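Under our numbering, residue 325 is the last one in the sequence shown; the count climbs by one each step, no gaps. The structure under discussion appears below in the form of structure tokens.
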Amino acid sequence: MKNQYLLSVFCCVLLLQGCSATSHIIGKPAPGKASSSVEMERLIEVPGPIQLETINSADWSASLAGLLNLDSPAAKQAGLKDRDEPIQVYAHVLKHPKFGNFLVDTGVSQKLVDDPGKAGVNWLIQKVMHIEKMHIEKSTAQILQGLDGKLSGVFLTHLHLDHISGMPDIPDDVPLYIGATESSASSFKNMFTRSTSNQMLEGKLPLQEWNFQPDQQNKFEGIVDVFEDGSVFAISVPGHTAGSVVFLVRTTHGPVLLTGDTCHTRWGWEHTVEPGDFTDDNARNLLNLKRLKNLVAEHPQIEVRLGHQL
Ligand SMILES: [Zn+2]
Numbered sequence: 016m017k018n019q020y021l022l023s024v025f026c027c028v029l030l031l032q033g034c035s036a037t038s039h040i041i042g043k044p045a046p047g048k049a050s051s052s053v054e055m056e057r058l059i060e061v062p063g064p065i066q067l068e069t070i071n072s073a074d075w076s077a078s079l080a081g082l083l084n085l086d087s088p089a090a091k092q093a094g095l096k097d098r099d100e101p102i103q104v105y106a107h108v109l110k111h112p113k114f115g116n117f118l119v120d121t122g123v124s125q126k127l128v129d130d131p132g133k134a135g136v137n138w139l140i141q142k143v144m145h146i147e148k149m150h151i152e153k154s155t156a157q158i159l160q161g162l163d164g165k166l167s168g169v170f171l172t173h174l175h176l177d178h179i180s181g182m183p184d185i186p187d188d189v190p191l192y193i194g195a196t197e198s199s200a201s202s203f204k205n206m207f208t209r210s211t212s213n214q215m216l217e218g219k220l221p222l223q224e225w226n227f228q229p230d231q232q233n234k235f236e237g238i239v240d241v242f243e244d245g246s247v248f249a250i251s252v253p254g255h256t257a258g259s260v261v262f263l264v265r266t267t268h269g270p271v272l273l274t275g276d277t278c279h280t281r282w283g284w285e286h287t288v289e290p291g292d293f294t295d296d297n298a299r300n301l302l303n304l305k306r307l308k309n310l311v312a313e314h315p316q317i318e319v320r321l322g323h324q325l
């Protein structure tokens, strides 16, 4: 009896603590140097050297209650109710004139849609994610075939499965970059996704974390100048996940903000409403969403590309 009690206490503790997103090993820190909002904002108006193409890899749909906090005052006032919302899964192709081709997030591999079990997605996740609703527009393999040259690295906004769903097509020798503590922080949700994330990353290089330092102006939680030339800034925005990152890209056509899932939807951006059930920490997610909106309000030439809707 005592053993049963101890076992149930142990299980409760495990459930409450959750677990890390993946046990995939972490390697040396990602390249790039710590920057600041002053440095980034000084350069935002100046056209940059990056060619950026956002590709819709797959049409999909998800519950609005996951994509938006329907308990927020703005959502209540608009009378929003849970329903299936059409979304897309993007891969952003970023070409640096000196350092080559990078992806921001991975799109979707045809292998994952054709045979999710074989690609490493367990049955529970297949059901919860509704992979059967994913319709490939351009698979990750097709995106890579279209590159002028090889892929030099992948910048992951976070490790949710719809952002690493192109991994089966990413060559094993391509460096993978993530936010600090993204793979190691504990979350209850990870208990269900961890084995699938591990499978998707199996055989890949160690994950490399950005080295964020506090922003002296305290506008953001940390900013890294990725190529050390001011062309791409990784910005730390924990909340949706522990290590969520967004990217400010100085393209040849002007500045573009890739928000990742700090904001999934156009409605969420326009009404400053953070994601709902899909987010770990709503308050911190909302705080960082507001910081991004302030940045765009101060620099209206920034084009905003959201996590799952343009
Ligand atoms: Zn997502």
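For every residue, glycine included, the Cβ atom is placed at its ideal position computed from N, Cα and C. Note that the structure is predicted; figures quoted are calculated from it, not measured.
Cβ pair residue i, residue j closer than 9 Å
| i | j | result |
| --- | --- | --- |
| D276 | P253 | no |
| D292 | S50 | no |
| A45 | W282 | no |
| I140 | L176 | yes |
| N71 | V104 | yes |
| T69 | A93 | no |
| V264 | G47 | no |
| M144 | P183 | no |
| Q228 | I193 | no |
| H314 | E100 | no |
| E54 | D187 | no |
| A89 | H286 | yes |
| V108 | L191 | no |
| H111 | F248 | no |
| A73 | S180 | yes |
Contact belief for residue i with residue j at Cβ below 8 Å, rounded distance in angstroms
| i | j | result |
| --- | --- | --- |
| S259 | H173 | 5 Å |
| G122 | I158 | 6 Å |
| Q125 | T266 | At roughly 29 Å, the Cβ-Cβ gap does not stay under 8 Å, so Q125 and T266 are not in contact. |
| I151 | V128 | 6 Å |
| T155 | I185 | 7 Å |
| H268 | G322 | About 21 Å separates the two Cβ atoms, so there is no contact after all. |
| L95 | L82 | Contact flag wrong, Cβ pair sits at about 10 Å. |
Same chain, Cβ closer than 6 Å to residue i, five either side skipped, listed in chain order
| i | result |
| --- | --- |
| E318 | V271 |
| S87 | V288 |
| S199 | S35 |
| T196 | A257, G258 |
| I59 | P270, H314 |
| P131 | Q141, I146 |
| L302 | none |
| K153 | I70, S72 |
| L325 | none |
| L304 | T277, C278, E289 |
8 Å CB neighbourhood of residue i in its chain, flanking five on each side removed
| i | result |
| --- | --- |
| R209 | C34, S35, A36, T37, S38 |
| C26 | Reliability of the predicted coordinates at C26 is poor, the pLDDT of 49 falling under 50, and the value obtained from them is presented with this limitation in mind. Closer than 8 Å at Cβ, skipping near neighbours: no residue. |
| V311 | L272, I317, V319 |
| R306 | K234, F235, V252 |
| D295 | S202, K204, G254, H255, T256, A257 |
| V189 | L166, S167, G168, V169, K219, L220 |
| D97 | S78, L79, A80, L85 |
| G42 | L220, P221, L222, Q223 |
| N309 | K234 |
| R299 | P253, G254 |
| V61 | R265 |
| K91 | L85 |
Same chain only: Cβ atoms within 7 Å of residue i, ignoring 5 sequence neighbours per side
| i | result |
| --- | --- |
| F261 | What sits at residue 261 in the sequence shown is Val, not Phe. Here the set comprises T172, I250, V252, L272, L273, T274, G275, T277, L307. |
| L29 | Interpretation of L29 is limited by its pLDDT of 49, a score under 50 that renders its predicted location unreliable; the figure taken from the coordinates is listed afterwards. So the list is empty, once near-sequence residues are dropped. |
| K148 | W75, S76 |
| S167 | F114, G115, N116, F117 |
| H178 | D120, T121, L171, T172 |
| M206 | G33, C34 |
| G237 | F227, Q228, P229, D230, S251 |
| M16 | Reliability fails at M16, whose pLDDT of 49 lies under 50, so the model's placement of it is uncertain and the value that follows must be treated cautiously. Around M16: no qualifying Cβ. |
| Q232 | S51, S52, V53 |
| G164 | G115, N116 |
| E284 | Note on residue identity: the sequence assigns Trp, not Glu, to residue 284. Once the five neighbours on either side are set aside, the close Cβ partners of W284 are C278, V319, L321. |
| E213 | With the sequence shown as reference, residue 213 is identified as Asn, and Glu is not the correct amino acid for it. Closer than 7 Å at the Cβ level, and outside the excluded window around N213, lie T37, S38, H39. |
Residue i: CB within 8 Å of a non-hydrogen atom of ligand 3
| i | result |
| --- | --- |
| W138 | In the structure shown, ligand 3 is absent; the only ligands present are ligand 1. |
Checklist entry - Which runs of the alpha helix (DSSP H) spanning at least 4 residues fall entirely within the region 210-267, listed in chain order? => result none
Next on the checklist: Which residues neighbour ligand 1 when neighbourhood means a C-beta less than 6 Å away from any of its non-hydrogen atoms? List them by chain order.
Outcome noted: H175, D177, H178, D276, G322, H323
Item to check | beta strand (DSSP E) runs contained entirely in the region 78-154, provided each spans 3 or more residues | outcome: 99-111, 115-119
Checklist entry - Hey, which unbroken runs of the beta strand (DSSP E) at 3 residues or more fall wholly within the region 294-321? => result 318-320
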